[in-house]
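First the structure, in the form of structure tokens, and then the observations on it.
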Amino acid sequence: MTSNPEAAFAVLGATTVAGAAAAAALARSRVVLSRRCAALTRQIAEQNEELATLRARERAQFEELSHLVNNRLPAAALHLISDHHPVPDGLLSDDSDFATQAQAAHDLFVETLIGERGRIDSAARAALRGACTAIQAQSFRLQTLIDELQRDCRDPEVVKEYFRIDQLNEQVLRLVQKAAIVSGSWPGLVRPDTHLPDVVAGATSRLNGFERIQVHTKLLVGGVGIVGRAAEPVAVACTELMANALESSRGDLAVEVTLLQTDNGNVCIQIDDAGKGMTRESVARGTRLVSGENAGKLLLTELGDPPALGFAAIGQLVADHGFHVSVDQVSPYGGVRAVLAVPKHLLTTIDEQAEPPSAMAALPAPAPRTPVPPAAAVPGEGLRDVSAPSPRDASGLPQRRRRSGSSRGRSLTRTARPVDPDEAGAAWGDFEQAVAAGRDATDSENKDKS
Numbered sequence: 417m418t419s420n421p422e423a424a425f426a427v428l429g430a431t432t433v434a435g436a437a438a439a440a441a442l443a444r445s446r447v448v449l450s451r452r453c454a455a456l457t458r459q460i461a462e463q464n465e466e467l468a469t470l471r472a473r474e475r476a477q478f479e480e481l482s483h484l485v486n487n488r489l490p491a492a493a494l495h496l497i498s499d500h501h502p503v504p505d506g507l508l509s510d511d512s513d514f515a516t517q518a519q520a521a522h523d524l525f526v527e528t529l530i531g532e533r534g535r536i537d538s539a540a541r542a543a544l545r546g547a548c549t550a551i552q553a554q555s556f557r558l559q560t561l562i563d564e565l566q567r568d569c570r571d572p573e574v575v576k577e578y579f580r581i582d583q584l585n586e587q588v589l590r591l592v593q594k595a596a597i598v599s600g601s602w603p604g605l606v607r608p609d610t611h612l613p614d615v616v617a618g619a620t621s622r623l624n625g626f627e628r629i630q631v632h633t634k635l636l637v638g639g640v641g642i643v644g645r646a647a648e649p650v651a652v653a654c655t656e657l658m659a660n661a662l663e664s665s666r667g668d669l670a671v672e673v674t675l676l677q678t679d680n681g682n683v684c685i686q687i688d689d690a691g692k693g694m695t696r697e698s699v700a701r702g703t704r705l706v707s708g709e710n711a712g713k714l715l716l717t718e719l720g721d722p723p724a725l726g727f728a729a730i731g732q733l734v735a736d737h738g739f740h741v742s743v744d745q746v747s748p749y750g751g752v753r754a755v756l757a758v759p760k761h762l763l764t765t766i767d768e769q770a771e772p773p774s775a776m777a778a779l780p781a782p783a784p785r786t787p788v789p790p791a792a793a794v795p796g797e798g799l800r801d802v803s804a805p806s807p808r809d810a811s812g813l814p815q816r817r818r819r820s821g822s823s824r825g826r827s828l829t830r831t832a833r834p835v836d837p838d839e840a841g842a843a844w845g846d847f848e849q850a851v852a853a854g855r856d857a858t859d860s861e862n863k864d865k866s
């Protein structure tokens, strides 16, 4: 066999070229594969990052939903009852769709709750109004019957019991009356034009502890009255203010009621107590209630348990009749000063000769006198004993003494005075004789008319 070097070299060259081409192709494929691996790695990293973001968003949305259900909605329900319960904000601070939908769900819950509470409150008001109207009618009938029994009775002991029953019926009627007013009803009683002192005296007689109330009048003219449509509302408001003063002070402290005429033509009923006063929150709440701004919008559930109806009833009457009430002042004794201002359009003038005021009404203030220079002090003569009998005028009525300036800062504590049985018996005997004389006079007038 003959060797062919040229053929061998040719074959070897071809093999070398083929190997080089294969190596180049393999290198190119490795580069492509490496690029693909890098791209896949980046894609996997991006997908992992996106997945982590989605998981974090899902976790945040779940926490927001849990916060809405467990915290925000219960707090919103409590906030409707009292402002002391704040509503927390949402956990999501962005403007995402989920945060917007969560806030929309919260607002819808509050709106639905308000509507449902209003519907329930309207039903409760209607039921309370119907019950109070029926009880008021029966109480007025009972009062008429008691008045007839008092006029017909001749036994003084039985008359005393009738007076006690009448007082209890007045207290029951007052409680029912203010509940009826808060529920949207009217006071239930129509009066003619009434003397202002008579209105205050009638308001005083409705209270337990009325003997602690001292009424003073500083009206400059006589015959000051309140028009009939506002007489009973003013009496109800005055009763509730005096009741608050009695309840806010001790049982041995007096409540001072003063009737004043202002320069702008209004008449004010000023009530001062010597209690502990009200807190800042109580003053703010009381001012809001008696202003009448929320009349008709106040829910029964907002008045507490048991509901405090006094200030709410005053606010309703203020909104309906146009007088003004304030409870944000401090009395000279550190308690509360409540002022009921009756504007000019609710005042009238009543002829005292044709229609004299009641004997229970406060006497008008004496006319101002010319000041007398003080006399020289007499040795051994000190301050007058306040327990000494008051000086009396020609009619036998006691006159009020002017107190010294140092007595202004004294408390309103009454000093207990031992009761004289003979004096008490004589006073009650005079009262019985007056009642009998009035009854006989009424009977004789009725006979003359018949």
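Just so you know, the numbering used here puts 491 at position 75 of the sequence shown, and the rest follows in order with no gaps.
Virtual Cβ for every residue (Gly too), placed ideally from N, Cα, C.
Determine the burial state of residue i: buried for a count of at least 16 other Cβ atoms within 10 Å of its Cβ, exposed for fewer.
i, result
"Asn464", "exposed"
"Lys692", "exposed"
"Ser665", "buried"
"Asp614", "buried"
"Asp511", "exposed"
"Ile629", "buried"
"Ile460", "exposed"
"Ala670", "buried"
"Arg444", "exposed"
"Ala659", "buried"
"Ser538", "exposed"
"Cys654", "buried"
"Pro805", "Its pLDDT being 43, under 50, Pro805 is placed unreliably by the model, and the measurement read from it follows with that caveat. The residue in question, Pro805, is exposed, as its Cβ has fewer than 16 Cβ neighbours within 10 Å."
"His500", "exposed"
"Thr633", "buried"
"Glu480", "buried"
"Val631", "buried"
"Gly435", "exposed"
"Arg696", "exposed"
Mind reading off the beta-carbon distance from residue i to residue j? Whole number of angstroms is fine, and I expect it under 8 Å.
i, j, result
"Ser728", "Leu719", "The sequence shown places Ala at residue 728, not Ser. Ala728 to Leu719, Cβ: 6 Å. Contact."
"Gly726", "Lys594", "6 Å"
"Ala619", "Ala596", "Going by Cβ atoms, the distance from Ala619 to Ala596 rounds to 17 Å, so no, they are not a contact pair."
"Ala757", "His740", "4 Å"
"Ala493", "Leu529", "6 Å"
"Asp609", "Ile766", "6 Å"
"Ser621", "Asn585", "Wrong, their Cβ atoms sit about 11 Å apart, outside the cutoff."
Classify residue i as helix, strand or coil using the three-state DSSP reduction.
i, result
"Ala700", "helix"
"Ile766", "coil"
"Asp688", "strand"
"Asp744", "strand"
"Ala539", "helix"
"His611", "strand"
"Arg753", "strand"
"Glu648", "helix"
"Val637", "coil"
"Val673", "strand"
"His500", "coil"
"Val427", "helix"
"Val592", "helix"
"Val606", "coil"
"Val683", "strand"
"Val643", "coil"
"Val433", "helix"
"Pro421", "helix"
So, using beta-carbon positions, are residue i and residue j closer together than 7 Å?
i, j, result
"Val743", "Val683", "no"
"Leu762", "Ala646", "yes"
"Asp751", "Ala700", "The residue you asked about is not Asp; residue 751 is Gly in the sequence shown. In this structure, Ala700 does not lie closer than 7 Å to Gly751 by Cβ."
"Glu648", "Leu605", "yes"
"Gln477", "Phe525", "no"
"Leu565", "Tyr578", "yes"
"Leu636", "Gln677", "yes"
"Gly702", "Leu662", "no"
"Val592", "Ile536", "no"
"Pro773", "His611", "yes"
"Ala711", "Ala735", "yes"
"Ser747", "Asp688", "yes"
"Ala472", "Leu716", "no"
- With contact counted as at least three CB pairs below 8 Å, one residue from each stretch, are the stretch 516-534 and the stretch 483-497 in contact? Result yes; three or more Cβ-Cβ pairs closer than 8 Å.
- Query: Quick one: any contact between the stretch 533-549 and the stretch 591-602, if contact means 3 or more CB pairs under 8 Å?
  - Reply: The stretch 533-549, when compared against the stretch 591-602, does touch it at the 8 Å Cβ threshold.
- Is the stretch 606-626 close to the stretch 634-641, with three or more CB pairs under 8 Å? Touching, yes.
- Stretch-stretch touch, CB-based, cutoff 8 Å, three pairs: the stretch 556-572 with the stretch 502-509: Judged by Cβ distances under 8 Å, the stretch 556-572 makes no contact with the stretch 502-509, as fewer than three pairs qualify.
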